[in-house]
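In what follows, a structure is listed as structure tokens, so that the remarks can point back to it.
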Amino acid sequence: MTTAKTNKPPVVILGGSSNALAVARSLGKHGVDIYLSVLERNCATFTRYAKKVFPIQDKKQVDAVWSDLLLRGSHPELHGSIIFPCNDDGLEFIARHRKELEAHYILDDSETDFVLAMLNKRKTMDMARAAGIPIPLYAAVERREDIAGIDRNIKFP
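Each residue of the sequence shown is one higher than the one before, counting from 7 in our numbering.
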């Protein structure tokens, strides 16, 4: 494997699977140092381009693992890295901790409220409807009793 070293900042990939692997390969081929934090035994953990992998044993631990990794100062070598989320958990972590993360890392310029809204399907559809964008018909079911009230004429698009 031949890679050219660059003065580019390292990248910390949060979450994902085959997409995290693709990002690691693509950037790693250009000499970017890659740090991965994904679920244990995820296909991305086997890439040769990862300088270090911070595995997550249980999906319920992502916030705790990433907080320790990025917010508690246990890995100062990661300061100055670009944080690259590759799944909803990564997007939500950045949105919820943006202020603290901005002090040490390079983040995208997304709007926290919009990111959190887009992670919520109902809020996304409400925003689309308010903007005049057509959305598919749907029925919200939160309790078993709600099923009886569903319009039987709703069809698959």
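Glycine is no exception: its CB is placed at the ideal position from the N, C-alpha and C atoms.
Treat the numbers as computed from the prediction; the structure is a model and nothing was measured.
Coil, strand or helix - residue i by DSSP
{"i": "Leu107", "result": "helix"}
{"i": "Ile139", "result": "coil"}
{"i": "Ile153", "result": "helix"}
{"i": "Ile160", "result": "coil"}
{"i": "Leu97", "result": "helix"}
{"i": "Val147", "result": "coil"}
{"i": "Leu122", "result": "helix"}
{"i": "Lys3", "result": "Summary: the structure shown does not reach residue 3, with the chain confined to residues 7 through 163, and so no result is reported for it."}
Identified DSSP bridge partners for residue i
{"i": "Phe90", "result": "Ile19"}
{"i": "Ile112", "result": "Ile88"}
CB contact flag (residue i, residue j, <7 Å)
{"i": "Tyr55", "j": "Gly21", "result": "no"}
{"i": "Ser43", "j": "Leu75", "result": "yes"}
{"i": "Ala101", "j": "Leu77", "result": "no"}
{"i": "Trp72", "j": "Phe90", "result": "no"}
Residue ranges of each beta strand (DSSP E) within the segment 19 to 80, 3 or longer: 40 to 43 and 56 to 59
Per the contact definition of three or more C-beta pairs closer than 8 Å, is the segment 14 to 21 in contact with the segment 77 to 88? yes
Hey, is the segment 98 to 113 in contact with the segment 138 to 147, meaning 3+ C-beta pairs nearer than 8 Å? no
Using 8 Å as the cut-off, can you tell me whether the segment 45 to 59 makes contact with the segment 113 to 127, which would need three or more C-beta pairs spanning the two stretches below that distance? no
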